[in-house]
Each structure stands twice: as C-alpha cells, then as structure tokens.
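Start counting the sequence shown at 191; every next residue gets the next number (our numbering).
All remarks here apply to the structure that follows.
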Amino acid sequence: MYATLTFDCIYGALQCYPPLPPRKKKGFFLLFQIGFGSFHLRLVQRSNPSSPRRPVAIGDLLLHLPSLKSLFSLPIHTTSESAQGFLKKPSIIFGIQESPPRTGRISAREGGSSRTLANRGFGVGELGEAGEMVRLPYTTALTTLFSYGLLFAFGQLRDFFRKLIDWFKAKNVKGYAPICLGLEDFYVRRLYLRIQDCFGRPIASAPDAWFDVVERYSNDSNKTLKRTSNTTRCLNLGSYNYLGFAAADEYCTPLVIESLKKYSPSTCSVRVDGGTTKLHTELEELVARFVGKPAAILFGMGYVTNSAIIPCLVGKGGLIISDSLNHNSIVNGARGSGATVRVFQHNSPAHLEEVLREQIAGGQPRTHRPWKKIIVIVEGIYSMEGELCKLPEIIAVCKKYKAYTYLDEAHSIGAVGQSGRGVCELLGVDPADVDIMMGTFTKSFGSCGGYIAASKEIIQHLKLSCPAHIYATSMSPPAVQQVISAIKVILGEDGSNRGAQKLARIRENSNFFRSELKKMGFEVLGDNDSPVMPIMLYNPAKIPAFSRECLRQKVAVVTVAFPATPLLLARARICISASHTREDLIKALDVISRVGDLVGIKYFPAEPPKIAEADHDKLE
191 MYATLTFDCI
201 YGALQCYPPL
211 PPRKKKGFFL
221 LFQIGFGSFH
231 LRLVQRSNPS
241 SPRRPVAIGD
251 LLLHLPSLKS
261 LFSLPIHTTS
271 ESAQGFLKKP
281 SIIFGIQESP
291 PRTGRISARE
301 GGSSRTLANR
311 GFGVGELGEA
321 GEMVRLPYTT
331 ALTTLFSYGL
341 LFAFGQLRDF
351 FRKLIDWFKA
361 KNVKGYAPIC
371 LGLEDFYVRR
381 LYLRIQDCFG
391 RPIASAPDAW
401 FDVVERYSND
411 SNKTLKRTSN
421 TTRCLNLGSY
431 NYLGFAAADE
441 YCTPLVIESL
451 KKYSPSTCSV
461 RVDGGTTKLH
471 TELEELVARF
481 VGKPAAILFG
491 MGYVTNSAII
501 PCLVGKGGLI
511 ISDSLNHNSI
521 VNGARGSGAT
531 VRVFQHNSPA
541 HLEEVLREQI
551 AGGQPRTHRP
561 WKKIIVIVEG
571 IYSMEGELCK
581 LPEIIAVCKK
591 YKAYTYLDEA
601 HSIGAVGQSG
611 RGVCELLGVD
621 PADVDIMMGT
631 FTKSFGSCGG
641 YIAASKEIIQ
651 HLKLSCPAHI
661 YATSMSPPAV
671 QQVISAIKVI
681 LGEDGSNRGA
691 QKLARIRENS
701 NFFRSELKKM
711 GFEVLGDNDS
721 PVMPIMLYNP
731 AKIPAFSREC
741 LRQKVAVVTV
751 AFPATPLLLA
761 RARICISASH
771 TREDLIKALD
781 VISRVGDLVG
791 IKYFPAEPPK
801 IAEADHDKLE
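In structure tokens form, the structure reads like this:
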C-alpha cells in the first residue's frame, strides 16, 4: 500500500512539474515507472498464480506500459528515410547484429510462400531470395533484456538472503556437493517456476481439434502444481496432429484394436531377437515406397532416431555441417559422434558453400588430412520457425562438393506435398538426391517412433551397428499398425479419398490461418503450406500472459522460450490440423486477436477489413 501511495505521489509530481519538456517528462516518467513499478510488483503476494489476470513476473509491468518506441525517432520495422539512414550500417546490441529494416511483406518463393525470417536477427545472415529479412527491433530487444535483467537481479537478491537465512540449514548430505547448482538451477527456480503452469498441462482426452485440459492449482507460489478433477474443453492449437489421425478414425482405429488383441501392447524384445513382427517388416517396406527410397528402418522414438543414428554414420575424422537452427536431437547426435561439427547460418546455401570450401581447404584439425566424409544436416520444416528449407539449393551445393545430405522430415512428412510425401515433393526434389531421409510417426501419422530411409547398404549398416536398433525394444505393434493404416489412407489404399481431403484441408487451413494472423498485425514466422506458425512474443512477461489468457478463453496454445529459443525470441507456436473446421479457426483467430491486443504483441498495423461488394454498392 505504501509503495503504491509513494508511486502515485511521485507520478503526480512528475505530471505537474512544469520545467520538464513534455517529451523528457514522458521519458523520465516511463523509466521511473518501469523500475519502481517492477519493484512494487515484486512486493505483491499472489494468492492465485495461475490466474491470467495477475502479474507473475517482474517483467509483467511492461504489458501495461506505453511502448518505448514512442521515445525514439525510429518506429518498429520502419521504412522512413531517416530510419534507413540511421540503420545504414548494421548495429550490434548485446551481441545481436541487426539486419537492414524490412520493406514490407513480400513473397520470397513462387506460389506465394512468404519468407519472413532469414536468421532471426542473429549473426550475419543472408537475405531472403527477395532480399528481405525480419530484424529484431531495438526497443523490443532493450525492453526484453531489461525484463530479464530485473528477473535475474531480484532472483540473485533472493538467493543471497536465502543463504543468510539457511546458513545452518544445509539440505545436502554432509560431504556431498549439491546435484542442482549453477545457472540452470537458478533459471529454473527463479524464472521457470513462476510460469510453469503454462507448460506440461495434462489432458484427459485424445488430442483432436478439441480436447479436455485438466485444471491445476498451486498453494506454494507455483512451486508445485496439483491436479483437480475438473477439466476444460479447449480448442487444440498445440498438438502437432497435422492430419487428424491422433483421434479415433473409422479405418485406422479398428485395425489398431485388432493388432492389440493379436500382438499385445509390446513385443518385450529387441529387433534382433524376438521383436520383429510381420507388421514391422510391412511398415519398413511401406515407408520406403512412400518416401521413394530403396529401404527403411524403424525406431521406437523420434528423438532417438537422430541422436542414435548420426554417430553410426560419421565419426572421428568426419565432418558434420549443421544448420544453426537444427533440432536438439540432431545437436546431441552430432556431439556424440566424435566428428568435427561446423554450423552454417540458418537456411543459407551461400554460407553453407562458404563453410564447405573453408573446411575442405583446411582439412582435419591439426593433421590437415582430407575429411573421411562430410554430411550436411538440414530439416524439412524447422519446428520452431515453420520455415521450409531451401532444399534444391542446398542439394546443389552438396553435390558440388561431394557431401552427403541428411534430411530431417519430422514435421514435413505427411504434412506438405501434393500427396503428403514431404518437402521433396513440395519443392520438386528427387528423393534419390537426398542420401539419408529421416522422419517421425508422431506428427502426421498419430503414432510414435521414427524411421530412416536410404540405400539398402546404409540401412543394412544401421541394422548391424546402431544401438537403438540392437538394444532397444521394438515399436509397439499397435503403434506400427496405426502408421500402416494412416499411410494407406493418405495413399488412398483404404478405398476412399479421405487422404486427399485431409491433405487439401491441412494446406487450406494453414494458409488461411497464417494469412489472417498477418492481417491482424502479428509477427508470424514461416512459409506458406507449413502447418507450424510461430507468433513472436519477445518479452518474458508476455509468455505467461498470452498462454493463460488464451486458456481462460478456452484456446490451448504452446509457448516457447529460452533455452528452446534464443533469449530474446520467445514465441507461441501454433500447430494447425486437418481436423480443424473453418469455425474452429475463426474462433481461434478471434481469441488470439483479443489476447494480442491485451498483451500487446501486434507489432504491425492491422490491415483494414475489406468491404464486401454488396456493401460497397450501398456506399456508392
């Protein structure tokens, strides 16, 4: 109360103080409001941390402040003459190299595909095909860093006083070092726990277009969450159920139930012993035929498919060149291989060629001998960006320098392409030009596990050397049957055209939703046809605010922040499904638009609604 009264008094004095010019008064007041108001928020005891109406972090204050951009002469993403002069040379702020300002939304690929992000504002990235790149605005970077700075400062202050209080109450066994220590432990305790109710929300139904979200509550400031018996029916925009096979299906479900009765839930064995059934062999042949490769091999987990396979393909003396935004499974697989790892700028064939030339010329470290083999690893659709890789250009570079191509199609197989065969089909690439094709069954097929498709020699090598194949229990037979049935529906081998309808619907839904979000003024990443749509949030306070408010209005979304994304690039990842109806999408757009206005994440001016022809005639 006293803090509030003090704040109000100083605010009134600032507003009435005549010597300050209006612009300086506004700037001084805004900085004071951020600092003092954030401290005041820290003093507020929150009785219900899961409520979207209550602040949950120091940075929440920024949600209610006027934008800092009003204090500067540069509007966000401006194209004014003065701004272009100011940004003529790239500027570096806290290690962030800003790209030139964007000049509007333009198509970077024929057919209307929108290239909205080249390197997410980090590093010296190549411009898109149309010469455009989205930059991180100065004001957004400053306010976001300021918010994190406050969170870290008060977290360290709390830790200091906690050490004084608990000086004689050591929780560790005498003589043992603490297991949880360091920056990661601090980040979890002081930042993540504040908003952990936004993650890992349990559900009580199949992840269809609508599902039941279990309600939770906390009695200890969000340190622990307890489930209740209540559920909320929500529109599902978080599950990557692209083709809608995760719910009950008229063709797939009866066959899965039949396989469960015949084979049981598990083989209780590895593939090289008694874990190979007729279904496993059938699926390997079907996957190879579906993606256009000679042979394929199955794995029980999509993550392991990358992390366990890469060390079997390249080792010491080899070179891995990986896209800077590749999935964590690829990163861990590359680290565990023992090979030298180099990174090229995200989706930049020009920089890939530069890295290849440099590494081939230099050879192996210290010895400078030629590399035993070189593998370039990219993704079909980048899961946190929703972008399609520039596969034709990357393959051309790899062929030029005799490097193998490894394509991760976890999010693209089944979701894009005229017949669901992924980015190769969508971008007109011959599957024979891709040496190793990886994919998962967890997205478009409504099951679990993953696969590698390649030449018969490579597949045979993996069967004899990969620990995930030799030592891990094989895929559950019902899960295998689910994938078989889903692929047959996609191919039309179930006797219907439902597969073609699903593919047309996911493409139509994705492009409609992306287009409408951009019209509303949101910063949306990714390309057309991609069912993954990240909406940029940036500020840490907007992460829980957006998630909780959407959930309160019965729309379930997924928010992503550091360390899954760079510190300044928090986002909400929207996943569209073929099971969504147009009414579902319109409801979601309405909710997201209202929440976007409330939270303040519409970074572009909204397009005015188009007047229907009938209304236009009336006006005339």
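Here a beta-carbon is modelled for each residue, glycine too, at the ideal position from N, C-alpha and C.
In terms of residue numbering, what span does the beta strand (DSSP E) encompassing residue i cover?
i: residue 512; result: 509-513
i: residue 727; result: 722-728
i: residue 415; result: Counting along the chain, residue 415 falls outside any beta strand (DSSP E), and DSSP gives it neither H nor E.
i: residue 763; result: 760-765
i: residue 405; result: 400-407
i: residue 487; result: 485-489
i: residue 749; result: 748-750
Rank the options by C-alpha distance to the C-alpha of residue i and give the top, closest one.
i: residue 605; options: 433, 390, 343, 779; result: 433
i: residue 666; options: 451, 386, 388; result: 451
i: residue 786; options: 369, 581, 719, 707; result: 707
i: residue 594; options: 455, 574, 626, 579; result: 626
i: residue 710; options: 779, 722, 769; result: 779
i: residue 624; options: 734, 642, 788; result: 642
i: residue 405; options: 415, 545, 354; result: 415
i: residue 576; options: 599, 489, 592; result: 599
i: residue 532; options: 574, 546, 538, 668; result: 546
i: residue 811; options: 550, 678, 541, 632; result: Because residue 811 is not part of the residues shown, which for the chain are 191 to 810, the question remains open.
i: residue 482; options: 622, 683, 346, 551; result: 622
i: residue 754; options: 382, 336, 355; result: 382
i: residue 725; options: 764, 447, 485; result: 764
i: residue 376; options: 747, 396, 345, 736; result: 345
i: residue 392; options: 366, 420, 373, 413; result: 420
i: residue 408; options: 400, 680, 385; result: 385
i: residue 772; options: 744, 701, 397, 795; result: 701
i: residue 565; options: 555, 534, 540; result: 534
i: residue 784; options: 371, 395, 749, 740; result: 740
i: residue 705; options: 471, 796, 550; result: 796
i: residue 525; options: 515, 539, 510; result: 510
i: residue 744; options: 683, 422, 431, 379; result: 422
i: residue 410; options: 396, 389, 379, 398; result: 379
i: residue 337; options: 357, 789, 758; result: 758
Name the DSSP bridge partner or partners of residue i?
i: residue 178; result: Shown here, the chain extends from 191 to 810; a query on residue 178 therefore has no answer.
i: residue 629; result: 641
i: residue 531; result: 510
i: residue 426; result: 746
i: residue 393; result: 403
i: residue 606; result: Beta-bridge pairing links residue 606 to no other residue.
i: residue 460; result: 663
i: residue 714; result: 725
i: residue 421; result: 404
How would you write the range of the alpha helix (DSSP H) that residue i sits in, first residue to last?
i: residue 787; result: 772-789
i: residue 742; result: 732-742
i: residue 495; result: 492-503
i: residue 668; result: 667-681
i: residue 574; result: Taken as a continuous stretch (DSSP letters only), residue 574 belongs to no alpha helix (DSSP H), as it is neither H nor E.
i: residue 563; result: First-last for residue 563: undefined, no H or E at that position.
i: residue 649; result: 646-655
i: residue 582; result: 581-590
i: residue 331; result: 328-355
i: residue 375; result: 373-380
Between residue i and residue j, which are expected to be in contact by the criterion C-beta below 8 Å, what is the C-beta distance as a whole number of angstroms?
i: residue 520; j: residue 567; result: 6 Å
i: residue 717; j: residue 578; result: 5 Å
i: residue 329; j: residue 729; result: In fact, because the Cβ distance is near 11 Å, the residues do not count as touching under 8 Å.
i: residue 602; j: residue 571; result: 4 Å
i: residue 611; j: residue 435; result: Contact flag wrong, Cβ pair sits at about 16 Å.
i: residue 134; j: residue 449; result: The first residue shown for the chain is 191 and the last is 810, placing residue 134 beyond what the model contains.
i: residue 513; j: residue 548; result: No, residue 513 and residue 548 are not in contact; Cβ-Cβ is about 17 Å, not under 8 Å.
i: residue 502; j: residue 652; result: 6 Å
i: residue 775; j: residue 712; result: About 14 Å; that fails the 8 Å criterion.
i: residue 492; j: residue 632; result: 5 Å
i: residue 517; j: residue 573; result: 6 Å
i: residue 504; j: residue 563; result: 6 Å
i: residue 723; j: residue 766; result: 7 Å
i: residue 747; j: residue 762; result: 5 Å
Please check if any C-beta of chain D sits within less than 8 Å of the C-beta of residue i.
i: residue 785; result: No chain D appears in the structure shown, which is made up of a single protein chain.
Evaluate contact between the segment 660-677 and the segment 629-637, counting only Cβ atoms and requiring at least three cross-stretch pairs below 8 Å.
yes
Taking contact to mean 3 or more Cβ pairs, one atom from each stretch, closer than 8 Å, check whether the segment 424-431 and the segment 467-474 are in contact.
no
Can you confirm whether the segment 651-661 touches the segment 434-444 when touching is taken to mean that 3 or more C-beta pairs between the two stretches lie within less than 8 Å?
no
Evaluate contact between the segment 691-702 and the segment 539-559, counting only Cβ atoms and requiring at least three cross-stretch pairs below 8 Å.
no
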